[in-house]
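Listed in order, the protein sequences are those of chains H and R.
Under our numbering, the first residue of the first sequence is numbered 143, with each subsequent residue one higher.
Under our numbering, the first residue of the second sequence is numbered 9, with each subsequent residue one higher.
By construction, the Cβ of each residue, glycine as well, lies at the ideal position given by its N, Cα and C atoms.
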Amino acid sequence: MTSNVALIKNSSWLDFLRKTGVWISILVVIGAIYGYLTEPQITTSMLASTLRQSTPLVLGALCGLLGERSGVINIGIEGQMLLSAFTGFLANVYTGNLLVAVMVGVLTGALLGGLLAFMSVTLKMDQIIGGTVINILALGLTGFFYQTGLTTQGKLQPIELGPLASLPLVGPVLFENPPITYLAIILVFVMHYMLFYTRWGLRTRAIGEHPRAADTVGINVNRMRYINVIIAGGIAGLAGAFLTLEAVGSFERAMTNGRGFVALAVMIFGKYMPFGVWGSALLFGFATALQTQLQFSGTIQIPHQFIGMLPYLLTIVVLAGFVGRTRPPASEGKPYETE
Amino acid sequence: MAMQATEQEVRGTFGERLAGFWRAASVPLMAILLAALIGAIILIISGANPIDAYAALFRGSFSNARAIGRTLEKATPLILAGLAVAFAFKGGLFNIGGQGQLLIGAIVAAALGFGLNGLPFIIHMPIALLGGALAGAFYASIAGALKAFTGAHEVITTIMLNFVAINITDFLSNGPWKDTGIVARTPAILETAAIPKWDSIPLGFFIAAAVAIIIWYLLFRTTLGFEIRTVGLNPNAAKYAGIRVARITILTMAISGLLAGMGGSIETLGVVGRFQPGFNIGLGFDGITIALLARTHPLGVIPAAILLGAMQAGSSQMQFDAKVSFEIIDVIQALILFFVSAEMIVRWILRIRGEGDGGVRLSSGWGQG
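If you want it as structure tokens, here you go:
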């Protein structure tokens, strides 16, 4: 397996981390300590909010990453999140059980992942249009079946992780979060391990880079793409469940607000690496937290609409600045045809 | 030259052209039928009678002159939104940002409509109309330039610019361009800027249809159109042939935005009469469905837009008569989009042999366009 250099762990992310990550982390830590000493409450709530805002982005970007690593572009993340948020919400309204509701959300996402796989692998449709179908379908279905006045029976509550939660600053930020926020962080590690240290991961990367070669050594390219896109859909479904069951507690029309697309920028900025994705999701989460903080504090006299643009402008800037410097999986977007 | 073929030989006989038309139209027609069928199943599940619902939908859109006027009114911005997407497709670009360009076009048209005093209709209306269109062109060319110079994929940048546009127009209509009173909206446009109606038939519809013909001519009868289509088919070959790809990419986006912006202008000047937030949400996505239903042909956009316009015009009648939530038309639209793009399913049902024209191919990755 050592013959194919491209498939071995892409070591460029280490360089990337070394070059930029260290400096950014040092700056972030100094900033956080300085903030905590001067404005302890605002700093704590800002950091906690950063982490929570980043959760749907981490999950959405992991969904996109898994798809593209296997060669399938997914711009339907937005729709997967939206419909899952809705079904999870409905399940909670009618059963009152949060666990069931989360599972319904994940299943919905997986189902839509199956639809995307069907369109892009079996029908060999253009993948960008396939994703658009999912987005429009989700918008239509949630609009049609939505009834006003429904509320969830409770939301997912923060879990304090023993004595860790009582540490100053770090405690409330890292160790006092609701379950899906923890799960997103765990998934980052799991995804990294799975992609780079297991057979499944090697095969996944192989079918995204060079499906023909993967096929010759006996990997069933299309079956694997199906499985991965379905798993990825489940992760997007978890992001949807996060929105209704953990963050908001109710459903609103088009409540994903472009997060599915922002997640794609997060994925590109994260260089298709789980840890990179996590880092860039935190950056975007920070932009959103900053936006909320500025809107509520009212200390700076800028019309709130300009603050509201922040995460979107950041996405554009990141995309413009980084898309040429990342190398996407070579075979993404191309249906695989056996000879 | 004696070898030169006649027009007839190049374009084929009438019979051949009719067969060609059927080949092009059969898939969209079948897609509409299948979507209506699945829509009916969803209606039955939700406890409604699909026949009643569809009958009411038809009554509300075509039964009398007023209904037809409403259908054409709804179809007008849809034609332009569809053209915007179809035109960009021809150049190999996917403009999902029609919504944002439309909003920018609408608010600029409104500002020119209420802000310019003392101009006669013959000057004021065209200025407001073109002003909105140009604003849309400028806004879309941002995404075009980002694509041409940095490789940032237009699908993400245009979506993000949609959200930015919502914020910009929200700010303008609630700030500098706000009407007196508490409601966040611009003042009403002056009479001299309004696009009139002839009886119940909106004149804006004919402007939109004329634009569709101009776009067809531009794409298929001019050098620029040839260059745009060449870039759309194969940017590398185009570059090799000496076409300046970056310039064409920006220009394609700008013209696409011009069309979307004009859709916003016509809606403002002909129907709404001012700008208010929440203006025509969803038109950008409708444009995608229309463009694909029209198989990205500029003239096909007109009937496709009339179909969707009729669904929108009739939806309130359907809600009233058959007690069906009007969002069912969004579901049907999504299904139409699915079946149109999943050509293989339809071809299998119709038993059409051979390859189609392949449909649209866009996904070449985020940075490689």
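Any beta carbon of chain R sitting closer than 7 angstroms to that of H:Phe-231?
Here residue 231 of chain H is taken as the residue at index 89 of the first sequence, counted from 1. False, the Cβ-Cβ gap to chain R never drops below 7 angstroms.
How big is the Cα-Cα spacing for R:Gln-376 and H:Met-245?
On the second sequence, position 368 is the one that residue 376 of chain R refers to. On the first sequence, position 103 is the one that residue 245 of chain H refers to. A caution first: R:Gln-376 carries a pLDDT of 45, below 50, which makes its placement in the model unreliable, though a value can still be read off. So the two alpha carbons sit approximately 37 angstroms from each other.
Where does R:Trp-185 sit, in a helix, a strand or coil, going by DSSP?
The count along the second sequence starts at 1 and reaches residue 185 of chain R at position 177. Correct three-state label for R:Trp-185: coil.
Can the beta-carbon of R:Ala-148 be found less than 7 angstroms from the beta-carbon of R:Gln-109?
Locating residue 148 of chain R in the second sequence gives position 140, counting from the first residue. Locating residue 109 of chain R in the second sequence gives position 101, counting from the first residue. Yes, these two residues count as a Cβ contact at 7 angstroms.
Quick check on R:Thr-238 - is its C-beta less than 7 angstroms from some C-beta in chain H?
As a working note, residue 238 of chain R is residue 230 in the second sequence. No, R:Thr-238 lies away from the interface with chain H (no Cβ there is under 7 angstroms from its Cβ).
If we define contact as Cβ-Cβ less than 7 angstroms, is R:Ala-218 a contact residue for chain H?
Here the question's residue 218 of chain R lines up with position 210 in the second sequence. False, the Cβ-Cβ gap to chain H never drops below 7 angstroms.
Quick check on the burial criterion: 16 or more other C-beta atoms within 10 angstroms. Buried or exposed for R:Trp-185?
Counting from 1 along the second sequence, the entry for residue 185 of chain R is found at position 177. Buried, since its Cβ has 16 or more Cβ neighbours within 10 Å.
Grouping DSSP H, G and I as helix and E and B as strand, with all else coil, what is H:Glu-474?
Counted from its first residue, the first sequence places residue 474 of chain H at position 332. Three-state result, H:Glu-474: coil.
Alpha carbons only, please: which of R:Pro-306, R:Phe-293 and R:Gly-322 is nearest the one belonging to H:Gly-282?
Counted from its first residue, the first sequence places residue 282 of chain H at position 140. The candidate whose alpha carbon is nearest that of H:Gly-282 is R:Phe-293.
Ignore the nearest five residues each way along the sequence and tell me which others in R:Met-326's own chain have a CB closer than 7 angstroms to its CB.
Residue mapping note: residue 326 of chain R aligns to position 318 of the second sequence, counting from 1. These residues qualify, in order along the chain: Ala-61, Ala-64, Leu-65, Gly-68, Val-332 and Phe-334.
Relative to the C-alpha of R:Met-168, which residue among H:Pro-416, H:Thr-192, H:Gly-400 and H:Ala-472 is closest?
On the second sequence, position 160 is the one that residue 168 of chain R refers to. Residue H:Gly-400 is the option with its Cα nearest to R:Met-168.
List the residues of chain H whose Cβ lies closer than 7 angstroms to the Cβ of R:Ser-333, in chain order.
Taking the second sequence and counting its residues from 1, the one referred to as residue 333 of chain R is at position 325. Chain H residues near R:Ser-333: Phe-286.
Within its chain, find whatever has a CB closer than 7 angstroms to the CB of R:Pro-204; leave out the 5 residues flanking it on each side and keep chain order.
Within the second sequence, numbered from 1, the residue matching residue 204 of chain R stands at position 196. So the list reads Leu-211, once near-sequence residues are dropped.
List the DSSP bridge partners of R:Lys-205.
By 1-based counting over the second sequence, the position of residue 205 of chain R is 197. Looking at the DSSP assignment, R:Lys-205 forms a beta bridge with R:Pro-210.
To the nearest angstrom, report how far apart H:Ile-410 and R:Ala-39 are at their CA atoms.
What you label residue 410 of chain H is simply residue 268 of the first sequence in a count that begins at 1. What you label residue 39 of chain R is simply residue 31 of the second sequence in a count that begins at 1. Taking the straight line joining both Cα atoms gives about 35 angstroms.
Using three-state DSSP, classify H:Glu-302 as helix, strand or coil.
What you label residue 302 of chain H is simply residue 160 of the first sequence in a count that begins at 1. Reduced to three states, the DSSP call for H:Glu-302 is strand.
Using a Cβ-Cβ cut-off of 7 angstroms, state whether H:Ile-219 counts as contacting chain R.
Taking the first residue of the first sequence as position 1, residue 219 of chain H is located at position 77. No - not a single Cβ of chain R is within 7 angstroms of the one on H:Ile-219.
Verify whether the separation of the beta carbon atoms of H:Trp-420 and H:Val-315 is less than 7 angstroms.
If you number the first sequence from 1, residue 420 of chain H lands on position 278. If you number the first sequence from 1, residue 315 of chain H lands on position 173. Not in contact: H:Trp-420 and H:Val-315 (Cβ atoms no closer than 7 angstroms).
Is there a C-beta anywhere in chain R that falls below 7 angstroms from the one on H:Pro-445?
The residue given as residue 445 of chain H occupies position 303 in the first sequence. Yes, H:Pro-445 counts as interfacial toward chain R.
Verify the contact flag: R:Gly-106, CB atom, against every heavy atom of the ligand NAP, threshold strictly below 6 angstroms.
Only the bare structure without any ligand can be found here, which leaves the ligand NAP out of the picture.
Let me know the secondary structure DSSP gives R:Phe-22 once reduced to three states.
Start at 1 with the first residue of the second sequence, and residue 22 of chain R comes out as number 14. Helix.
What does a CB cutoff of less than 8 angstroms around H:Gly-350 pick up in its chain, not counting 5 residues either side in sequence?
Taking the first residue of the first sequence as 1, we reach residue 350 of chain H at position 208. Glu-210, Arg-211, Ser-212, Gly-213, Pro-471, Ala-472, Ser-473 and Glu-474.
When the Cα of R:Gly-183 is compared with those of R:Ile-336, R:Thr-158, R:Phe-283 and R:His-305, which residue comes out closest?
Your numbering for residue 183 of chain R matches position 175 in the second sequence. Ranking R:Ile-336, R:Thr-158, R:Phe-283 and R:His-305 by Cα distance to R:Gly-183 puts R:Phe-283 first.
Excluding the 5 residues flanking R:Thr-21 on each side, which residues of the same chain have their C-beta closer than 8 angstroms to its C-beta?
As a working mapping, residue 21 of chain R is identified with position 13 in the second sequence. Counting only Cβ-Cβ distances below 8 angstroms, and skipping sequence neighbours, we find nothing.
Within 10 Å of its beta-carbon, does R:Glu-275 have 16 or more other beta-carbons around it, so buried, or fewer, so exposed?
One-based indexing of the second sequence puts residue 275 of chain R at position 267. The residue in question, R:Glu-275, is buried, as its Cβ has 16 or more Cβ neighbours within 10 Å.
Do you know how far the Cα of R:Pro-58 is from the Cα of R:Phe-122?
On the second sequence, residue 122 of chain R is found 114 positions in, with the first residue counted as 1. On the second sequence, residue 58 of chain R is found 50 positions in, with the first residue counted as 1. For R:Phe-122 and R:Pro-58, the distance between alpha carbons rounds to 45 angstroms.
Can you tell me the Cα-Cα spacing of H:Gly-379 and H:Thr-398, whole angstroms?
Position 237 of the first sequence, counted from the first residue, corresponds to residue 379 of chain H. Position 256 of the first sequence, counted from the first residue, corresponds to residue 398 of chain H. Cα to Cα, the separation comes out at about 12 angstroms.
Does the separation of the CB atoms of H:Gly-273 and H:Gly-376 fall below 7 angstroms?
Working through the first sequence from its first residue, we reach residue 273 of chain H at position 131. Working through the first sequence from its first residue, we reach residue 376 of chain H at position 234. Against a cut-off of 7 angstroms, the Cβ pair of H:Gly-376 and H:Gly-273 comes out as no contact.
Let me know if R:Leu-241 comes out buried or exposed under the rule of 16 or more other beta-carbons within 10 Å of its beta-carbon.
The sequence position of residue 241 of chain R within the second sequence is 233, counting from 1. Looking at its Cβ environment, which holds fewer than 16 other Cβ atoms inside 10 Å, R:Leu-241 is exposed.
Here's the rule: buried if 16 or more other CB atoms are within 10 angstroms of the residue's CB, otherwise exposed. What is H:Arg-347?
The residue labelled residue 347 of chain H in the question sits at position 205 within the first sequence. With 16 or more other Cβ atoms within 10 Å, it is buried.
In its own chain, which residues sit with a C-beta less than 6 angstroms from the C-beta of H:Met-267, not counting the 5 before and 5 after it?
The residue labelled residue 267 of chain H in the question sits at position 125 within the first sequence. Same-chain partners within the cutoff: Met-261.
Answer yes or no: do R:Phe-346 and H:Val-275 have a C-beta to C-beta separation smaller than 7 angstroms?
Along the second sequence, one-based indexing puts residue 346 of chain R at 338. Along the first sequence, one-based indexing puts residue 275 of chain H at 133. Yes, they are a contact pair.
Please confirm whether H:Leu-149 has its beta-carbon closer than 7 angstroms to some beta-carbon of chain R.
On the first sequence, position 7 is the one that residue 149 of chain H refers to. Caution is warranted here: a pLDDT of 41 is assigned to H:Leu-149, below 50, making its placement in the model unreliable, and no coordinate value can be reported.
Once DSSP output is grouped into helix, strand and coil, what is the label at H:Glu-479?
As a first step, residue 479 of chain H must be located in the first sequence, where it is residue number 337. If DSSP states are grouped into helix, strand and coil, H:Glu-479 belongs with coil.
Using only alpha-carbon positions, find the residue among H:Ala-374, H:Phe-448 and H:Thr-237 that is nearest to H:Leu-292.
As a first step, residue 292 of chain H must be located in the first sequence, where it is residue number 150. Minimum Cα distance to H:Leu-292 is reached at H:Thr-237.
Nearest CA to the CA of H:Leu-456: which residue from H:Glu-388, H:Leu-254 and H:Ala-405?
Reading the first sequence from its first residue, position 314 is the one you call residue 456 of chain H. Checking every option, the nearest Cα to that of H:Leu-456 belongs to H:Ala-405.
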